[in-house]
Amino acid sequence: MTTSLPPGAILLIAALVVPFVPGGGRGAVALLAAAISLVHVIALEPGTQLSLEFVGYQLEVIRADRLSLAFGYIFHIAALLSAIYALHVRDGVQVSAGLIYAGSAIGAVFAGDLLTLFVYWELTAISSVFLIWASRSEPAYRAGMRYLIIQVGSGVLLLAGSLLHLRDTGSLAFGQIGLDTASPASVCIFLAFGIKCAFPLLHNWLQDAYPRATVTGTVFLSAFTTKLAVYALARGFPGTEILIPIGLVMTLFPILFAVIENDLRKVLAYSLNNQLGFMVVGIGVGTEMALNGTVAHAFCHILYKALLFMTMGAVLFRTGKIGASQLGGLYKSMPITAVCCIVGAASIAGFPLFSGFISKSMILTAVADEHLAIIWFGLLVASAGVMEHSGIKIPYFAFFGHDSGIRCDEAPRHMLIAMVATAGLCVMLGLFPWPLYSILPYAVDYQPFTADHFVTQLQLLLFAALAFVFLVRVRLYPPEIPSVNLDTDWLYRRAAPAAVAVVYSVGSALRDAMLGLALLMVGGVISLIREVTAPRGLFGRTWSTGAMVLWAAVLLGVYLVLYYL
Amino acid sequence: MISQHLPILQIVVPLLAAPLCVLLRQRHAVWAFALGVCWASFGVALALLLRVMNDGPLVYELGGWAAPWGIVYRLDPLGGIVLLIVSGVAALVLVFAPRVLDQEIPADKHYLFFAAFLLCMTGLLGITITGDIFNVFVFLEISSLSAYVLISMGADRRALLAAYRYLVMGTIGSTFILIGIGLAYMMTGTLNMADLAARLGDVHETRTIRAAFAFLTVGVSIKLALFPLHVWLPNAYTYAPSMVTAFLAATATKVSCYLLLRLVFTVFGVPLVFDEMRLAAVFMPLALMAIFVASTVAIFQTNVKRLLAYSSVAQIGYLVLAFGFASQAGVTACVIHLFNHALMKGALFLALGCVAFRIGSVDLEDLRGLGRRMPWIAALIVIGGLNLIGVPLTAGFISKWYLVMAALEQREYWPVAVAMLFSSLLAVAYVWRIVEVLYMQPPRPSDLQSDQREAPVPLSMVAPTTVMTLGTVVLGVYPTFTVQVAQRAAEFLLGVAA
Numbered sequence: 008m009t010t011s012l013p014p015g016a017i018l019l020i021a022a023l024v025v026p027f028v029p030g031g032g033r034g035a036v037a038l039l040a041a042a043i044s045l046v047h048v049i050a051l052e053p054g055t056q057l058s059l060e061f062v063g064y065q066l067e068v069i070r071a072d073r074l075s076l077a078f079g080y081i082f083h084i085a086a087l088l089s090a091i092y093a094l095h096v097r098d099g100v101q102v103s104a105g106l107i108y109a110g111s112a113i114g115a116v117f118a119g120d121l122l123t124l125f126v127y128w129e130l131t132a133i134s135s136v137f138l139i140w141a142s143r144s145e146p147a148y149r150a151g152m153r154y155l156i157i158q159v160g161s162g163v164l165l166l167a168g169s170l171l172h173l174r175d176t177g178s179l180a181f182g183q184i185g186l187d188t189a190s191p192a193s194v195c196i197f198l199a200f201g202i203k204c205a206f207p208l209l210h211n212w213l214q215d216a217y218p219r220a221t222v223t224g225t226v227f228l229s230a231f232t233t234k235l236a237v238y239a240l241a242r243g244f245p246g247t248e249i250l251i252p253i254g255l256v257m258t259l260f261p262i263l264f265a266v267i268e269n270d271l272r273k274v275l276a277y278s279l280n281n282q283l284g285f286m287v288v289g290i291g292v293g294t295e296m297a298l299n300g301t302v303a304h305a306f307c308h309i310l311y312k313a314l315l316f317m318t319m320g321a322v323l324f325r326t327g328k329i330g331a332s333q334l335g336g337l338y339k340s341m342p343i344t345a346v347c348c349i350v351g352a353a354s355i356a357g358f359p360l361f362s363g364f365i366s367k368s369m370i371l372t373a374v375a376d377e378h379l380a381i382i383w384f385g386l387l388v389a390s391a392g393v394m395e396h397s398g399i400k401i402p403y404f405a406f407f408g409h410d411s412g413i414r415c416d417e418a419p420r421h422m423l424i425a426m427v428a429t430a431g432l433c434v435m436l437g438l439f440p441w442p443l444y445s446i447l448p449y450a451v452d453y454q455p456f457t458a459d460h461f462v463t464q465l466q467l468l469l470f471a472a473l474a475f476v477f478l479v480r481v482r483l484y485p486p487e488i489p490s491v492n493l494d495t496d497w498l499y500r501r502a503a504p505a506a507v508a509v510v511y512s513v514g515s516a517l518r519d520a521m522l523g524l525a526l527l528m529v530g531g532v533i534s535l536i537r538e539v540t541a542p543r544g545l546f547g548r549t550w551s552t553g554a555m556v557l558w559a560a561v562l563l564g565v566y567l568v569l570y571y572l
Numbered sequence: 002m003i004s005q006h007l008p009i010l011q012i013v014v015p016l017l018a019a020p021l022c023v024l025l026r027q028r029h030a031v032w033a034f035a036l037g038v039c040w041a042s043f044g045v046a047l048a049l050l051l052r053v054m055n056d057g058p059l060v061y062e063l064g065g066w067a068a069p070w071g072i073v074y075r076l077d078p079l080g081g082i083v084l085l086i087v088s089g090v091a092a093l094v095l096v097f098a099p100r101v102l103d104q105e106i107p108a109d110k111h112y113l114f115f116a117a118f119l120l121c122m123t124g125l126l127g128i129t130i131t132g133d134i135f136n137v138f139v140f141l142e143i144s145s146l147s148a149y150v151l152i153s154m155g156a157d158r159r160a161l162l163a164a165y166r167y168l169v170m171g172t173i174g175s176t177f178i179l180i181g182i183g184l185a186y187m188m189t190g191t192l193n194m195a196d197l198a199a200r201l202g203d204v205h206e207t208r209t210i211r212a213a214f215a216f217l218t219v220g221v222s223i224k225l226a227l228f229p230l231h232v233w234l235p236n237a238y239t240y241a242p243s244m245v246t247a248f249l250a251a252t253a254t255k256v257s258c259y260l261l262l263r264l265v266f267t268v269f270g271v272p273l274v275f276d277e278m279r280l281a282a283v284f285m286p287l288a289l290m291a292i293f294v295a296s297t298v299a300i301f302q303t304n305v306k307r308l309l310a311y312s313s314v315a316q317i318g319y320l321v322l323a324f325g326f327a328s329q330a331g332v333t334a335c336v337i338h339l340f341n342h343a344l345m346k347g348a349l350f351l352a353l354g355c356v357a358f359r360i361g362s363v364d365l366e367d368l369r370g371l372g373r374r375m376p377w378i379a380a381l382i383v384i385g386g387l388n389l390i391g392v393p394l395t396a397g398f399i400s401k402w403y404l405v406m407a408a409l410e411q412r413e414y415w416p417v418a419v420a421m422l423f424s425s426l427l428a429v430a431y432v433w434r435i436v437e438v439l440y441m442q443p444p445r446p447s448d449l450q451s452d453q454r455e456a457p458v459p460l461s462m463v464a465p466t467t468v469m470t471l472g473t474v475v476l477g478v479y480p481t482f483t484v485q486v487a488q489r490a491a492e493f494l495l496g497v498a499a
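So the sequence lines, in the order shown, correspond to chains A and B. Numbered per our numbering, the first sequence spans residues 8 to 572. Numbered per our numbering, the second sequence spans residues 2 to 499.
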């Protein structure tokens with residue numbers, strides 16, 4: 008019986024029940040549904056399949072293998088934790104949307120064919136936008152609309168790609184697709200995944216929309232959309248080499264933005280993008296080790312990123328502020344939240360004995376095994392950047408730094424429970440990674456706790472911490488520039504970020520110029536379209552009868568000429 | 002046996018019922034009578050469809066006069082499905098009618114309204130079932146004239162002007178069609194469609210036939226509201242009474258599309274129309290323009306009825322695009338979308354009728370927070386909107402799927418397929434504008450107060466709306482019925498089936 012129900016369906020059903028439950032019970036319904044669904048998916052054996060026929064096509068609604076199960080587990084854990092965190096929400100739209108969103112993301116990872124995948128893909132898009140709109144402000148509405156159009160656009164590309172794939176191969180099965188620039192099908196599907204995965208230049212929706220969602224909405228959003236894309240890439244395009252440079256760029260370019268950004272949830276959105284880069288590199292490398300690393304990293308990442316968004320959400324919930332410049336000194340008011348935030352920060356930075364360490368190092372090892380030196384260095388630089396903006400900046404500016412004078416209550420109890428549970432999982436995975444390793448797609452022969460890994464990572468982190476202190480001091484005392492002694496082996500770590508910064512500034516100047524030009528042109532075209540289609544424009548207004556008749560005459564002429572020729 | 006005479010009963014019953022309505026006069030009696038007639042028509046249409054699906058096309062000779070001399074009714078699966086759309090929508094709309102009419106039309110005019118409604122239905126059914134091309138014109142005029150009357154009964158005074166402008170355009174369209182028929186008759190000396198098709202072979206090179214087809218093309222384009230001849234449509238739909246909008250949006254343009262398919266595929270023939278006269282060269286760009294321009298215009302509308310009217314213009318673009326492929330897959334897609342769109346647009350306009358009944362407006366501004374004030378109707382509107390976008394598990398998705406498959410089959414048209422998919426982003430924009438207003442904006446306090454005083458929307462209005470909307474979902478999940486009928490229809494239309 009359990010096998011005939013697609014994973015995630017319980018959440019979708021619960022979403023339909025929620026509107027009929029009185030306000031206070033809605034959060035509880037969501038929580039209960041997530042728990043039942045988790046049990047359901049744990050009971051699912053690898054190899055379970057369920058096919059059904061739809062207008063002559065064989066659809067595989069359930070395809071449970073190790074890859075989909077790993078994502079299925081973590082998505083459920085994320086849904087459960089998010090549901091606890093959101094227990095206070097009484098807004099039926101938000102609760103339902105969150106459930107549909109989580110349920111469809113879970114359904115998507117178990118989809119064995121492109122059509123089913125597309126169904127869930129679209130469902131995640133149109134349900135998640137309500138989490139953004141639920142902020143109920145004008146900017147949120149606009150950001151949500153942009154987000155929706157881009158997400159649905161990705162779905163449309165996926166559908167186009169699937170249909171082309173069907174035409175070319177005669178099959179809708181979703182397996183290894185592989186990027187082939189000669190085949191429009193694979194390009195369309197690759198781009199569809201790329202948009203959802205926030206590839207460079209396709210990423211803007213993420214930083215645009217996530218910070219505008221509600222306190223609880225962002226926690227949901229951070230878990231599913233992009234990781235679904237990571238799953239889809241891992242399924243369809245493992246070992247696609249172009250993913251390696253794409254991923255590298257993804258890990259590097261958000262750093263600068265994250266460092267200068269004031270809105271702390273936006274900082275997290277940038278660092279989300281950066282973490283995705285690691286996974287994309289792992290998929291690009293495509294070895295068993297790399298794919299294991301990718302899945303493990305996605306697993307850990309969902310937890311610590313959700314944790315960070317939870318803590319920032321709690322801060323926003325209690326203080327109503329989220330700008331780095333407005334906050335500070337909150338550790339006195341919200342000590343538990345602060346500790347959780349530090350745990351999340353340590354995890355994302357990859358401190359040994361925290362969860363990021365045991366997964367990121369797998370990807371780095373896989374890259375090293377393939378002798379991709381430049382990529383490896385690049386990822387190291389990126390790791391330093393992560394430490395900078397997520398590991399230190401977030402907790403420092405929110406909870407320490409200059410005292411903003413804000414005194415508020417500690418986060419509500421259910422939020423604390425969610426945060427502490429998530430933090431506990433982060434620590435547990437960091438200390439005992441073996442349960443996680445046992446559910447990865449391939450057998451794991453990897454030992455994270457070696458002296459080598461420890462030393463590399465600690466050196467990196469300490470250096471990054473040093474750089475942060477240095478920057479803070481420089482900002483405070485501009486004339487004083489303390490010299491820092493660098494060993495030669497540290498050089499690339501200094502030089503590389505600097506080089507990146509130079510390239511970046513030149514690049515961004517160029518980009519700004521191009522963008523300005525493009526915007527000007529696009530703006531012109533858009534205003535033309537608006538002018539033509541607005542209610543008083545050429546096509547929007549009511550034409551006079553004479554004009555209508557004239558058109559009829561013109562068309563008659565056109566057809567006569569056409570038919571006579 | 003009465004079952005042999007079903008084709009003529011389909012037409013004669015509503016035709017004779019119309020004057021009886023005028024004689025009855027008492028509004029409740031008239032309504033009950035018209036309702037009975039429409040449901041009977043629906044039953045007949047269903048029986049006919051089942052018969053043509055099982056036994057193939059049927060020919061009925063009026064008064065026993067044989068084909069080229071007498072008038073015949075001819076029905077194949079395509080005609081069957083269109084009959085089903087027209088009579089089914091009419092039956093549901095009449096269930097919806099009494100309460101909303103009380104509000105929108107003076108009680109002493111109800112019997113006239115029902116008479117006009119039955120005539121309009123008769124006309125639409127007649128165009129579909131007849132095998133005689135002059136008969137097409139007659140029925141076209143019956144349906145058009147009664148449609149002008151129906152639209153002009155709208156409560157808004159602008160309805161009069163809208164009806165008048167529709168009258169001018171519609172008359173030009175009918176006249177063009179008549180000229181086309183006349184020219185064809187001049188060259189062949191026959192009005193029977195099958196006979197005409199046989200005799201056109203000898204004279205297809207002549208300029209007269211070319212001119213005949215040009216007039217027919219423009220005439221049908223006007224009736225079909227194909228861009229840029231769509232301009233009569235938005236105002237007519239916006240200002241007509243709610244149930245008239247629902248009925249016409251679901252049926253009138255569909256029957257015109259049927260007429261186009263019939264004329265091109267069974268009378269003039271694919272080689273003449275597409276190879277020699279290259280109709281697609283103009284139709285395809287116009288269809289694409291319709292999709293993109295009308296969808297964009299829809300985004301900027303503030304009146305939801307008008308917004309959906311423009312969306313209809315865009316949907317007609319899809320129909321014409323599928324028609325333009327001139328392939329079996331294309332015709333199949335066209336028929337599927339014909340049926341699905343009738344259902345979804347009918348459902349949406351009925352839902353708007355409920356909204357207008359309750360709050361007296363369908364301006365986007367006044368719909369704020371309606372998700373809380375009228376949760377069920379708002380949910381139905383959302384489902385209808387999802388259909389327009391083509392979200393999976395709705396009938397709209399089935400349409401989109403077959404449309405794109407048909408486009409992909411034509412290898413050189415694959416950019417059209419991608420463009421078609423991207424046009425659904427425009428639909429996302431205009432549908433989600435409504436959804437956002439319904440669910441994300443708080444209702445005005447004054448509205449909440451008036452809610453307590455006003456009676457809820459009666460079941461007689463909610464039920465048909467619900468049936469139609471859920472119909473789109475059922476057909477989205479189990480599309481076998483639509484797909485099978487459409488495939489059979491395409492086979493017969495293209496002469497593949499024996």
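We treat Cβ as the ideally placed atom computed from N, Cα and C, and that holds for glycine.
Asked, Found
"Per-residue contacts from A:Thr176 into chain B (C-beta, under 8 Å)", "The premise fails here: A:Thr176 is roughly 13 Å from chain B at the closest Cβ pair, so nothing lies under 8 Å."
"Inter-residue spacing [alpha-carbon to alpha-carbon] between A:Gly246 and A:Ile446", "21 Å"
"Ranges of the alpha helix (DSSP H) found wholly within the region 231-296 of chain A, counting only runs of at least 4", "250-267, 271-292"
"For B:Val356 and A:Phe1, the rounded distance between their alpha carbons", "Residue coverage of chain A in this structure runs from 8 to 572, which leaves residue 1 of chain A outside it and unanswerable."
"Simplified DSSP assignment, three categories, for B:Asp77", "coil"
"CB contact check: A:Thr463 to chain B, cutoff 7 Å", "no"
"Near-chain A residues of the region 298-326 of chain B (beta-carbon distance less than 8 Å), N- to C-terminal order", "Val298, Ile300, Phe301, Gln302, Thr303"
"Assumed close pair A:Val302, A:Ala77 - CB separation to whole angstroms, cut-off 8 Å", "5 Å"
"Short-range partners of chain A found in the region 215-249 of chain B, where Cβ spacing is below 8 Å", "Ala215, Phe216, Thr218, Val219, Ser222, Ile223, Pro229, Leu230, Val232, Trp233, Pro235, Asn236"
"Contacts that B:Ile173 makes with chain A (C-beta to C-beta distance below 7 Å)", "Val556, Ala559"
"Alpha helix (DSSP H) segments (min. 4 residues) lying fully within the region 372-457 of chain B", "376-390, 396-410, 415-441, 446-454"
"A:Pro419 CB to nearest heavy atom of the ligand MN below 6 Å", "Although the ligand MN was asked about, the structure shown includes no ligands whatsoever."
"Three-state secondary structure assigned by DSSP to A:Ala373", "helix"
"Three-state secondary structure (DSSP) of B:Ser144", "helix"
"Check whether B:Val156 and B:Glu105 have beta carbons under 7 Å apart", "Going by the sequence as given, residue 156 of chain B is Ala instead of Val. Cβ atoms of B:Ala156 and B:Glu105: closer than 7 Å."
"Counted within 10 angstroms of its Cβ, other Cβ atoms place A:Glu395 as buried (16 or more) or exposed", "buried"
"Every unbroken alpha helix (DSSP H) inside the region 42-105 of chain A [4 residues or more]", "73-92"
"Cβ pair count under 8 Å reaching 3, the region 79-89 of chain A against the region 306-324 of chain A", "yes"
"Own chain, CB closer than 7 Å to B:Ile317, minus 5 neighbours either side, in chain order", "Leu225, Ala226, Leu227, Thr254, Ala291"
"The alpha helix (DSSP H) enclosing B:Val332, as first and last residue numbers", "329-360"
"Three-way DSSP call (helix, strand, coil) for B:Tyr61 in this model", "strand"
"Of the listed residues B:Leu344, B:Ala116, B:Val383, B:Asn236, nearest to A:Thr552 (C-alpha basis)", "B:Asn236"
"CB-CB length for B:Ile337 against B:Tyr403, believed under 8 Å", "5 Å"
"Helix, strand or coil at A:Gly336 [DSSP, three-state]", "coil"
"Close Cβ partners of B:Thr123 (< 8 Å) along its chain, the five nearest in sequence each way excluded", "Ile12, Pro15, Leu16, Ala19, Phe140, Ile143, Ser144"
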